[in-house]
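A.B. asks:
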Amino acid sequence: MKYTRYDLKKEKGTKNFVLMIALVLIAAFIIGTVASKIIMDYYNVSEPTPASTQQTVKNNSNKSNNTVSNDKNNAASNTGNKKSSADGSQVKFVAVQGGIYKDKKNVAAEKNLLMQYGTPFEIQEDDKVRIFLGIYGDNTAKDIMASLTKQKVDNSNMDFTIKKTDVCNAEIIEIIDANLQVLNKLSQKDIQSIKTDQLKKWCSSLEGADKNSKNFIILKDLKENVSKLPSQLSKDKVEGNYIYIYNVLKKIK
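Each residue of the sequence shown is one higher than the last, beginning at 14 in my numbering.
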């Protein structure tokens, strides 16, 4: 009969060594965790959570959305009086129309439909009512109309072209564009209000228009309208301001 010899001392020593390594690792982990906690508490640092990260993103978004436009804000903050350039070019503004109706029920139905895409407004013309989604720059209007068409929403366009024949017209274009930036931003579902202080400051800095210009009265009216805006323009004012800009565009010669 053969016998197998086991070295019990060696086996016991191996087990003790493994156990010791495990205890060292556990102790190191505990010490590291405690040290990390002490350091974070000392420097008042908290670990990021999905909720806090989400809130930070939301806050940053709100900060950027509550400004009119970086270009306009910088112009107001970094320059004094400003004279617009009359280079003879032309700028097109486009009113995106949903439809034109006589029946009030159809008017209400069309406005409800377009409310899914923005803040529509209505214009009374004789016995008919035009329903518009909004007024935009040429390129933006094309994108919006293409999107509406893709979603099988009937639409058409009404174009307003202004030439920069003089400083007066150039300033009118800039003020209308700035106003539309505010209104179009406010038409977004998640935006409830926008600050207008920088817009007012920038608008008041514009100068150099000839009082004899054929559209000078319109320019003066636009400036007065901006100066009377509340410091925080709310969403419920969008429709009325769209109507105002529409009527201004209709008057420009």
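Quick reminder that beta carbons are idealized off the backbone N, C-alpha and C, glycines included.
Would Glu184 pass as a contact of Leu219 if the rule is Cβ separation under 8 Å?
C.D. replies: Yes.
A.B. asks: Skipping 5 residues on each side, what residues in its chain have a beta carbon closer than 8 Å to that of Ile231?
C.D. replies: So the qualifying residues of the chain are Ile185, Val261, Lys264 and Ile265.
A.B. asks: Assign Pro243 to one of two classes, buried (16 or more other C-beta atoms within 10 Å of its C-beta) or exposed (fewer than that).
C.D. replies: Under this definition Pro243 is an exposed residue.
A.B. asks: Find the nearest neighbour of Tyr257 within the set Lys248, Leu235, Thr162 and Leu246, judged by alpha-carbon distance.
C.D. replies: Checking every option, the nearest Cα to that of Tyr257 belongs to Leu235.
A.B. asks: Among Cys216, Gly112 and Gly147, whose alpha-carbon lies nearest the alpha-carbon of Glu138?
C.D. replies: Nearest option by C-alpha distance: Gly112.
A.B. asks: For the beta strand (DSSP E) that contains Leu246, what are its first and last residues?
C.D. replies: From DSSP, the beta strand (DSSP E) with Leu246 extends over Gln245 to Ser247.
A.B. asks: Taking 8 Å as the threshold (C-beta atoms), are Ile136 and Phe106 in contact?
C.D. replies: Result no, Cβ atoms of Phe106 and Ile136 do not sit closer than 8 Å.
A.B. asks: If you check the beta carbons only, do Ala99 and Lys177 fall under 8 Å apart?
C.D. replies: Result yes, Cβ atoms of Ala99 and Lys177 sit closer than 8 Å.
A.B. asks: When burial is assigned at 16 or more other CB atoms within 10 Å of the CB, is Gly101 buried or exposed?
C.D. replies: With fewer than 16 Cβ atoms within 10 Å of its Cβ, Gly101 is classed as exposed.
A.B. asks: Quick check on the DSSP output: what are the complete alpha helix (DSSP H) runs of length 4 or more inside the segment 148-233, in order along the chain?
C.D. replies: Runs of the alpha helix (DSSP H) inside the segment 148-233: 151-163, 180-199 and 210-218.
A.B. asks: Could you give the DSSP three-state label for Leu146: helix, strand or coil?
C.D. replies: Note: Leu146 maps to strand in three-state DSSP.
A.B. asks: So which of Tyr130, Lys115, Ile175 and Lys202 has the shortest CA-CA distance to Gln103?
C.D. replies: For Gln103, the nearest C-alpha among the options comes from Ile175.
A.B. asks: Using CA coordinates, which residue listed in Lys124, Lys163 and Leu193 is at the minimum distance from Gly150?
C.D. replies: The shortest C-alpha separation from Gly150 is found at Leu193.
A.B. asks: Can you say whether Asn197 is buried or exposed, counting buried as having 16 or more other CB atoms within 10 angstroms of its CB?
C.D. replies: Under this definition Asn197 is a buried residue.
A.B. asks: Would Ser247 and Gln205 qualify as a contact pair, given that the criterion is a beta-carbon distance under 8 Å?
C.D. replies: Contact: yes.
A.B. asks: With 16 as the cutoff for other CB atoms within 10 Å, does Glu270 come out buried or exposed?
C.D. replies: Past the boundaries of the shown model lies residue 270; the chain is included only from 14 to 266, so the question cannot be answered.
A.B. asks: May I have the straight-line CA-CA distance separating Tyr255 from Ser200, to the nearest angstrom?
C.D. replies: Spanning the two alpha carbons is a distance of roughly 11 Å.
A.B. asks: Checking contacts by CB at 8 Å: is Glu135 closer than that to chain E?
C.D. replies: No chain E is present in this structure, which holds just one protein chain.
A.B. asks: Specify the secondary structure class of Ile136 as computed by DSSP and reduced to three states.
C.D. replies: Residue state, collapsed to three classes: strand.
A.B. asks: Provide the residue span of the beta strand (DSSP E) that contains Ala108, from first to last.
C.D. replies: It spans Gln103 to Tyr114 - the beta strand (DSSP E) in which Ala108 sits, taken as one unbroken run.
A.B. asks: Going by DSSP in three states, Lys141 sits in which element: helix, strand or coil?
C.D. replies: It is a strand residue.
A.B. asks: For Leu127, which residues of its own chain have a beta-carbon under 7 Å away from its beta-carbon, when the five flanking residues on both sides are left out?
C.D. replies: Gly111, Pro133, Ile144 and Leu146.
A.B. asks: According to DSSP, is Gly253 helix, strand or coil?
C.D. replies: Three-state DSSP puts Gly253 in a helix.
A.B. asks: With Cys216 and Ile188 assumed to form a contact (beta carbons below 8 Å), what rounded beta-carbon distance in angstroms separates them?
C.D. replies: Rounded, the Cβ-Cβ distance is 6 Å, consistent with contact.
A.B. asks: Is DSSP giving Tyr259 helix, strand or coil here?
C.D. replies: Three-state result, Tyr259: helix.
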